[in-house]
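Take the sequence shown: its letters are residues 967 to 1134, numbered as in the numbering used here.
First up is the structure itself, then whatever we jot down about it.
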Amino acid sequence: MQPPATPKADLPESAPAFAVERTLGRLGKWLRLLGFDALLETECPPGGFWVCCDRGRTLLTRTRRTAETQAARAPVFIRSNDPFEQLEEVVQALGLTAVDIKPFSRCLRCNEPTEPLPREEARGAVPDYVWETQPAFSRCPCCRRVYWRGTHTARSIERIEAVLSAVR
Ligand SMILES: [Zn+2]
């Protein structure tokens, strides 16, 4: 059987990358928001998820049976139902610190690293009030979605940083 294509063939050794089980989708999005490479099982073709797990990714699971059957992959077993507490569990399990996080550096939809977008090019691509008030923009090379540090996400980042400082 032909193994399915993986979006990430070569992962940098230093950056933690994750394979996120389907029950942890919201955690996966939070990891992307922080800049981590997070492959979601829900976005993989059937069987593809497990192939990707073998390529240097840390498996995150909340299913005890999966944790047992996939023990050889050294999964991180997540206990909480709350995405922030789940994030705290990941941070503790991997010993992550604020140095490891790069907020807004990855597309939430595609899991691709975003690229800086010059202000002039962002004009017209975002609402006028956003363009006038935000100093910096980035764009996904895949889906062309434009990102900026909005008020809501800035508050979320503060919460994330609180999680990180609590475990340091
Ligand atoms: Zn994208």
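We treat Cβ as the ideally placed atom computed from N, Cα and C, and that holds for glycine.
Counting along the chain, P1049 sits inside the alpha helix (DSSP H) bounded by residues 1049-1060. In this structure, V986 lies near L1026, with their beta-carbon atoms less than 7 Å apart. For the pair E1081 and P1107, the CB atoms are nearer than the 7 Å cut-off.
Uninterrupted beta strand (DSSP E) stretches at least 3 residues long and entirely within the stretch 987-1013 occur at 1003-1006, given in chain order. Excluding sequence positions up to five before and after T1029, its CB lies within less than 8 Å of the CB of E987, T989, all in the same chain and listed in chain order. DSSP, read as helix, strand or coil, puts T1024 in strand. The beta carbon of R1072 sits no closer than 6 Å to any heavy atom of ligand 1. DSSP places R1105 inside the beta strand (DSSP E), whose first and last residues are 1103-1105. Cβ contact annotation for V1042 (same chain, cutoff 8 Å, sequence separation greater than five): T1024, L1025, L1026, T1027, E1055, V1056, A1059, L1060, in chain order. A straight line joining the alpha-carbon of P1069 with that of F1015 spans about 25 Å. With respect to the 7 Å criterion, F1103 and A1120 are not classified as neighbours on the basis of their beta carbons.
Taken atom to atom, the span from the alpha-carbon of N1077 to that of L1000 is near 11 Å. Under DSSP, A983 takes part in a beta bridge, and its partners are D1003. In this structure, the straight-line span from the alpha carbon of F984 to that of V1112 is close to 24 Å. Rounded to whole angstroms, the gap between the alpha carbons of R1072 and S1122 is 16 Å.
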